[in-house]
Amino acid sequence: MSDRFSLRRYGAAVFSAVLFSLAIPNEIFQWGMPLLAPFILTPLFWGLEGSSLPQARRMLVLFGLVFTLTSNYWLAFFGDYSIWTIGGVTLGYIPYYLFLSHFLWDAARRPLPFRPLLLAAVWTVFEYCKSSGYLGYPWGLLPYPLHGITPLIQVSDLLGIWPLTFLLAWISALLAGILSPPAPPAPSRLTPSPLPQLAAAGLLLALFLAYGLVRMYLIPLPERTTLTAALIQHNADSWDESPEADERSILQAELLSLEAVEKHPHVELVVWNETVLTYPYNYRPVFYDRRPAEKPFFSFLVELNRPLLTGSPYREKVGEEVRYYNSVLLIGPDGAIQGAYKKKHLVPMAEHIPFWDLPLVQQFFRGTIRLYGTWHAGREAFLFTLPLEDGTIVRFGTPICFEDAFTVINRTFVRLGADLLINLTNDSWSRTVSAQVQHFVAARFQAAALKTTMVRSTNSGYTCVIDPWGRVRADLPMFTSTYLVADVPIYDRPLTLYALLGDLLPRLLFLWVIALLLWERGRGGTRTPHG
Numbered sequence: 001m002s003d004r005f006s007l008r009r010y011g012a013a014v015f016s017a018v019l020f021s022l023a024i025p026n027e028i029f030q031w032g033m034p035l036l037a038p039f040i041l042t043p044l045f046w047g048l049e050g051s052s053l054p055q056a057r058r059m060l061v062l063f064g065l066v067f068t069l070t071s072n073y074w075l076a077f078f079g080d081y082s083i084w085t086i087g088g089v090t091l092g093y094i095p096y097y098l099f100l101s102h103f104l105w106d107a108a109r110r111p112l113p114f115r116p117l118l119l120a121a122v123w124t125v126f127e128y129c130k131s132s133g134y135l136g137y138p139w140g141l142l143p144y145p146l147h148g149i150t151p152l153i154q155v156s157d158l159l160g161i162w163p164l165t166f167l168l169a170w171i172s173a174l175l176a177g178i179l180s181p182p183a184p185p186a187p188s189r190l191t192p193s194p195l196p197q198l199a200a201a202g203l204l205l206a207l208f209l210a211y212g213l214v215r216m217y218l219i220p221l222p223e224r225t226t227l228t229a230a231l232i233q234h235n236a237d238s239w240d241e242s243p244e245a246d247e248r249s250i251l252q253a254e255l256l257s258l259e260a261v262e263k264h265p266h267v268e269l270v271v272w273n274e275t276v277l278t279y280p281y282n283y284r285p286v287f288y289d290r291r292p293a294e295k296p297f298f299s300f301l302v303e304l305n306r307p308l309l310t311g312s313p314y315r316e317k318v319g320e321e322v323r324y325y326n327s328v329l330l331i332g333p334d335g336a337i338q339g340a341y342k343k344k345h346l347v348p349m350a351e352h353i354p355f356w357d358l359p360l361v362q363q364f365f366r367g368t369i370r371l372y373g374t375w376h377a378g379r380e381a382f383l384f385t386l387p388l389e390d391g392t393i394v395r396f397g398t399p400i401c402f403e404d405a406f407t408v409i410n411r412t413f414v415r416l417g418a419d420l421l422i423n424l425t426n427d428s429w430s431r432t433v434s435a436q437v438q439h440f441v442a443a444r445f446q447a448a449a450l451k452t453t454m455v456r457s458t459n460s461g462y463t464c465v466i467d468p469w470g471r472v473r474a475d476l477p478m479f480t481s482t483y484l485v486a487d488v489p490i491y492d493r494p495l496t497l498y499a500l501l502g503d504l505l506p507r508l509l510f511l512w513v514i515a516l517l518l519w520e521r522g523r524g525g526t527r528t529p530h531g
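Quick note: the sequence shown, position 4, residue 4 per UniProt numbering, numbers continuous.
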């Protein structure tokens, strides 16, 4: 293989990465470019055909580096920790792409008709693995550019996002096969055409659209009640950690809350966002009897005269150990805590440092990047209960920060009986629209997959109400200090197939990939470079 053609392979990998970054929400196209979705992986798959394994490894590492840096560049704005956020994510996923490269390379050497199907299956399993576990990061997945085509995303309530992942990767693989140079004629067999599979993929796309239209317009969900909520977006500066800034932040949230309930007296719940209260509310609450000085928090609660849902650190002593949790509290007008949820999935290397108990680890992080402690992970998927004025009892779960992107978190809430999901988050540290919209897109798919209304209350955006079909019912402009009073619909709905089965499809595809590879190797392997 000539050096010139090798460079074309690496260029194809870079081109795929750039297409991917342009397709998902970004600073150029705020909501992404859905028309690019079927073509994202075509250059990458084209370059893999006929490549050597070392070339495939370099292609996938190059793809991963370029895609991560161009789609998640806002991680570089994480203050003193930026080297660990952008650097950790970029370098941390290189082993994933190296591992992926072997399977994609093996799949690209298979003959038709298996090659496109196997490439699609491998990519689907990869995105599932990338989104799961302690290092799970469900950002920038292949179907995310399609988020605004709401009929198409309804299929997620059957098997999650994965049918769309498989379909898009399948189409990309078929197009790569069409663009590849034809294989030399073989007298022993005919080379199958990819066109029948391309027609089948088009038919599957039409079926997904038809299912979505039926699901949205012909199978209505009965609306049981509505919750009138005031979502407070006070747009505080996340990087100003001075005591004065802390007081200004709480005071601004208080003033917006009081304005909201004064103008809309039917408000039943006021929602702030993640860690607005920076001092543990459950520990020495007398602190909030004096602060903010202009309007002490306890006085504000009495004046508000409604339950307040807010983020706050939570302090707990277990034996001699003191633990701090990133939590959500439901606080009554009397100041009593009516419920608390402790964040279960912490952000690796930011909220949680592995082996933190080791003195050398603490010394390094405290001395090098001024990180002086970590959160503990919660263990319980707690559901809050709220009685409404009409006598209805609403139960809701509160995924914190990026937890609203994780199926394992949201599905647990829904299976426990949550009528509603309320996400409290603060993405203002990123200082970018794209970071906030990318976060919203992940949550949008979760709402559609579980057919559950999701409320997102944020510091700077994207604050909105998402209905069970993924439609935005109400929202606020980003990076503005304001509030949203919305009638949040609560529906009676059965558990979706996805809520019952979870991520079954990628697990089945994993078994199919392994079985096929073992079978092929057992019979000597039939592989060709192009056909």
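Ideal placement from N, C-alpha and C gives every residue a C-beta, glycine not left out.
Model, not experiment: these values are computed from the prediction.
Next on the checklist: I want to know whether the segment 297-316 touches the segment 344-351 - three or more CB-CB distances under 8 Å.
Outcome noted: no
Checklist entry - What first and last residue would you give for the beta strand (DSSP E) that runs through residue 228? => result 223-233
Checklist entry - Counting pairs of beta carbons, one from the segment 34-51 and one from the segment 436-455, are three or more of them closer than 8 Å? => result no
Next on the checklist: With a threshold of 8 Å, are at least 3 pairs of Cβ atoms found where one atom belongs to the segment 219-226 and the other to the segment 485-493?
Outcome noted: yes
Next on the checklist: Going by C-alpha to C-alpha distance, which of 454, 162, 434, 34 sits closest to residue 131?
Outcome noted: 162
Next on the checklist: With DSSP as the reference, identify every bridge partner of residue 475, one or two as the case may be.
Outcome noted: 464
Checklist entry - Exposed or buried, what is residue 9 when buried is set at 16 or more other beta-carbons lying within 10 Å of its beta-carbon? => result buried
Checklist entry - By how many angstroms is the C-alpha of residue 420 removed from the C-alpha of residue 385? => result 11 Å
Item to check | Limits of the alpha helix (DSSP H) - the one that residue 440 falls within | outcome: 433-450
Next on the checklist: On the criterion of 16 or more Cβ atoms from any shown chain inside 10 Å, does residue 106 qualify as buried, or is it exposed?
Outcome noted: buried
Next on the checklist: Report the start-end ranges of each alpha helix (DSSP H) in the segment 72-117 that is 4 residues or longer and not cut off at the edges.
Outcome noted: 82-92, 94-108
Checklist entry - Candidates 501, 148, 265, 94: which alpha carbon is nearest residue 69's? => result 94
Item to check | Contact belief for residue 377 with residue 397 at Cβ below 8 Å, rounded distance in angstroms | outcome: No, residue 377 and residue 397 are not in contact; Cβ-Cβ is about 16 Å, not under 8 Å.
Checklist entry - Around the C-beta of residue 480, are 16 or more other C-beta atoms found within 10 angstroms, so that it is buried, or is it exposed? => result exposed
Checklist entry - Can you round the beta-carbon distance between residue 121 and residue 166 to whole angstroms, since I take them to be within the 8 Å contact cut? => result 7 Å
Checklist entry - For the candidate residues 76, 178, 54, whose alpha-carbon lies nearest to that of residue 431? => result 76
Checklist entry - What residues in its chain sit with their C-beta under 8 Å from that of residue 323, if we drop five residues either side in the sequence? => result 315, 316, 317, 376
Next on the checklist: Quick check on residue 483: does DSSP put it in helix, strand or coil?
Outcome noted: strand
Item to check | CB of residue 400 within 8 Å of CB of residue 424, strictly | outcome: yes
Checklist entry - Relative to the C-alpha of residue 284, which residue among 353, 245, 89, 336 is closest? => result 336
Next on the checklist: As an exercise, report each continuous alpha helix (DSSP H) stretch of at least 4 residues that is fully enclosed by the segment 214-292, in chain order.
Outcome noted: 243-263
Checklist entry - Alpha carbon to alpha carbon, how far is residue 382 from residue 66? => result 39 Å
Item to check | Residue(s) in a DSSP beta bridge with residue 422 | outcome: 455
Checklist entry - In chain order, what residues of the same chain lie with their CB nearer than 6 Å to the CB of residue 20, ignoring the 5 residues before and after it? => result 40, 67
Checklist entry - Where do the N-terminal and C-terminal ends of the beta strand (DSSP E) with residue 340 fall, by residue? => result 337-342
Item to check | Complete alpha helix (DSSP H) runs within the segment 12-51 (minimum length 4 residues, chain order) | outcome: 42-48
Checklist entry - When the distance is taken between beta carbons, is residue 13 closer than 8 Å to residue 44? => result yes
Next on the checklist: Less than 6 Å between C-beta atoms, sequence neighbours within five positions excluded: which residues of the same chain meet that for residue 297?
Outcome noted: 288
Next on the checklist: Suppose the cutoff is 8 Å on Cβ atoms and the five residues either side in sequence are ignored; what does the same chain contact list for residue 124 look like?
Outcome noted: 162, 165, 166, 169, 505, 506, 509
Item to check | residue 201, buried or exposed, once every other Cβ within 10 Å from all chains shown has been counted against 16 | outcome: buried
Checklist entry - Where does the unbroken alpha helix (DSSP H) through residue 501 begin, and where does it stop? => result 497-501
Next on the checklist: Does the structure place the segment 241-251 close enough to the segment 200-214 that three or more beta carbon pairs sit under 8 Å?
Outcome noted: no
Checklist entry - In whole angstroms, what is the alpha-carbon distance linking residue 89 and residue 248? => result 33 Å
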